[in-house]
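Protein chains in written order, with our numbering: chain A, 1 to 527; chain B, 1001 to 1318. We put the CB at the ideal spot given by N, CA and C, even for glycine. For clarity, every value in this text was computed on a predicted model and none was experimentally measured. Read through the structure below, which is laid out as structure tokens, and then see the notes.
See below:
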């Protein structure tokens, strides 16, 4: 198939006639119909040129080019253009090779061998090999690491080179999703110098070279002439602007100062959609909002109380008012519908004050008074959502006292500290990743302080299981356990809503993250 | 003249003391805020080990007084230090931003100061006429609206509807002077609308105040025209309060425009300052505060010197 891809690229570049392409393709075993249609789609290939201007609702002067400290969409998009990872989540949601060409695993899912793509050059001219990969991984590990990816790479026991083009990871315990984990935006591959990384250099293997970087203001990118992906990086360059104010971002899009923006104001999205030059695109991914109860703190120690609270929220109403319809209802577990093993046939929990009252009674109570901490730093509209929840719960005899917390310092002073608070989750591409990050016993971000024996056991088993059908069953059980016994209320999954100029063309948008999985700069093109 | 120089020297020395106190207060203030840079940067992704590693690397684990004294020592040697968040030299980080802020302030001042003084003089000249009332109503209205509202109105009409000016001030080092002016016109107009009323009304009041003095009555009796009385006899004597109010507004244009910067996405010092406070990047906060405080001190000094020069009586206090 690689030969076929090669011919297709040559066809698109005009180095091969259509007739010759069909001949070669059929010789490789493709049917004539397939070959003809492939030729058609290759010739309708994206056009090159132009400068994409993006307005991003994040970005701060304190941002840094170190991929380990990427914390907002601004740096994630810049990183998506400048750096590559070993693997990539394609727009279909499937994992595809990126700097790794292929990989192999032992049956216990413990030892992963990655074959690296050969002849890939960094922006500084260095050829990528196993030493760069190892240094890039080690950058996140070790005692002095300040990387946000330290926790997800923690399962790595050892990483070593097997020649220049092969890297072998040995894990502490088997993990069938390991190739997904290293597609994370933090785990970018940067050039090593004497075994160490210069994380602030901004040099990667990506489709765009960082020409000028002003943190919190603007990044100018220009096309990497030696980019190894032939069918990507169509723009000559890109300008990424930090436009934190949503009104300013919307104005910039309507006046043509930028070509695309993230996080459209949901209140005015329908008005923006009336503009003939703009389209509103949205994808439903793993981004979800939760109300996390500390199951180690009274009254949330009692599962009946938790169930009462789970039945006392009108999820449909929250999606309609807080998300203005740009989202879907949650089912009290953190797995999104675009995830591979989402439990589609698990019954949807609905608003039922009578059931809530029943569970309250089971707990030996006739009424309940609880504090719910919220701030808009948790997620946009969190305070409003909490107030609506209070209204819904009142019908079940539950008195929720909404405590408005300061936005500043929310993640250090409220989250993981207060007994019940509103939380934002960007979500994770795999079930195991999500569960191990926030639901496994004892992990730092287990914001419900939950410890469920059966859950923890199945989680570990599923992680090392390579058989897909068995995994599906296991993850179904895990979702059910979290839904019925966990400490989390998951009212809604929020869509990523973007405003894009009609001049810009793209294929199906990736749902794993906003802006085509952070890859819009290398995936999109101008009509 | 020697007296003035002595006063300037005294005031500068006092200014240095003020700066020292300001830096101390700011440092204590940021220390009192919950959380530190390590937690702010890592946000939801903070784990105890990574936060500790962050603190070790940046020296945030040292006691506050050690950090303050170290910073002060470097500062006295002219070293602003580096940003804790991204290791950039603060002088470099702030230099560009401060130049942008000054550029915007200067553009706004070039438009607003002559406009305000002219309108003030005209309002005094045509006191209590329809013109005077109209000017007062318009300027007071524009100052009463919040800045972002004025900004959005200007964007709506001049950018979205008429499409004559850009809605965001996307400036960079490689654009020319006039291009820069063109891109900051809308924020400059917004600031003009916000500051004009104050200066205009002060000019008008100061002049009207003088119109009751005997020497103006004398001038009137001589038969000089009203406009000549105002421009040649009243205005020079009214300069001291006018200069003071203009300078206060200039200082505001330099240090108080963060809302306008956000609306127009203008890379000025205010935005840098807010970002740094949110992330607890103390060296940047300190440096920005010193610049803000220094601006106030220097502009106030200028105002005093100019007032004294405009009124020789002040040079010889009894």
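- Between the stretch 390-398 of chain A and the stretch 418-436 of chain A there are fewer than three C-beta pairs closer than 8 Å, too few to call the two in contact.
- By the Cβ rule, the stretch 1182-1196 of chain B does not count as touching the stretch 1283-1295 of chain B, because fewer than three pairs are nearer than 8 Å.
- At least one beta carbon of chain B lies nearer than 7 Å to the beta carbon of residue 217 of chain A.
- Residue 1154 of chain B is outside the set of residues whose beta carbon lies under 7 Å from a beta carbon in chain A.
- Taking residue 1295 of chain B as the centre and dropping the five residues before and after it, the same chain places the C-beta of 1251, 1254, 1255 closer than 7 Å to its C-beta, in chain order.
- Between residue 505 of chain A and residue 527 of chain A, the CB-CB gap stays under 7 Å.
- Just measuring C-alpha positions, the residue of B:1173, B:1166, B:1174, B:1200 sitting nearest residue 1184 of chain B is B:1166.
- Measuring C-alpha to C-alpha distances from residue 1020 of chain B to each of B:1107, B:1075, B:1278 identifies B:1075 as the nearest.
- Taking C-alpha positions only, residue 1177 of chain B is separated from residue 1100 of chain B by approximately 12 Å.
- Those residues of the stretch 1259-1289 of chain B placed with their C-beta closer than 8 Å to a C-beta in chain A are 1262, 1263, 1264, 1265, 1267, 1271, 1272, 1275, 1276, 1278, 1279, 1281, 1284, ordered along the chain.
- In terms of CA proximity to residue 1265 of chain B, A:257 leads the group A:435, A:471, A:95, A:257.
- Chain A places a beta carbon closer than 7 Å to that of residue 1086 of chain B, counting this residue as a contact.
- In the structure shown, residue 432 of chain A adopts helical secondary structure according to DSSP, grouped into three states.
- The DSSP-derived three-state label of residue 1218 of chain B is helix.
- In the structure shown, the three-state DSSP call for residue 372 of chain A is strand.
- Pairing residue 475 of chain A with residue 440 of chain A, the inter-Cα distance amounts to about 13 Å.
- DSSP places residue 425 of chain A within a strand segment (E or B) once states are collapsed to three.
- Per the DSSP secondary-structure output, residue 450 of chain A pairs with nothing in a beta bridge.
- Under the three-state reduction of DSSP output, residue 379 of chain A falls in the coil class, being neither helix nor strand.
- The beta carbon of residue 150 of chain A falls within 7 Å of a beta carbon belonging to chain B, placing the residue at that interface.
- When A:136, A:458, A:108 are compared, the shortest CA-CA separation from residue 85 of chain A is found for A:136.
- Residue pairing from DSSP places residue 501 of chain A in a beta bridge opposite A:278.
- Counting only runs of at least 4 residues, the stretch 197-256 of chain A fully encloses the following alpha helix (DSSP H) elements, listed from N- to C-terminal order: 246-254.
- Between the stretch 1062-1075 of chain B and the stretch 156-173 of chain A, the count of C-beta pairs closer than 8 Å stays below three; the two stretches do not touch.
- Not a single CB atom of chain A sits nearer than 7 Å to the CB of residue 1147 of chain B.
- Three or more Cβ pairs closer than 8 Å define a contact, and the stretch 114-132 of chain A meets that threshold against the stretch 98-106 of chain A.
- Think of a sphere of 9 Å around the beta carbon of residue 1166 of chain B: the chain A residues whose beta carbon falls inside it are 252, 255, 257, in chain order.
- When CB distances to chain B are screened at a threshold of 9 Å, the residues of the stretch 145-175 of chain A falling below it are 145, 146, 147, 148, 149, 150, 151, in chain order.
- In the DSSP assignment, residue 86 of chain A falls outside any beta strand (DSSP E) and carries neither an H nor an E.
- The beta carbon of residue 489 of chain A lies closer than 7 Å to those of 290, 291, 309, 310, 313, 332 in the same chain, with the five residues before and after it left out.
- In this structure, the CA atom of residue 437 of chain A is about 40 Å from the CA atom of residue 48 of chain A.
- Residue burial annotation: residue 1218 of chain B is exposed, with fewer than 16 other C-beta atoms found within 10 angstroms of its C-beta.
- Only residues of its own chain outside the window of five on either side were considered, and among them 1015 have a CB closer than 8 Å to the CB of residue 1298 of chain B, listed in chain order.
- Relative to residue 174 of chain A, the option among A:462, A:303, A:513, A:69 whose CA is nearest is A:462.
- Per DSSP, residue 51 of chain A lies in no alpha helix (DSSP H) segment; the continuous beta strand (DSSP E) that holds it begins and ends at 51-56.
- Taking a Cβ-Cβ threshold of 8 Å, the residues of chain B close to residue 409 of chain A are 1033, 1034, 1035, 1039, 1040, in chain order.
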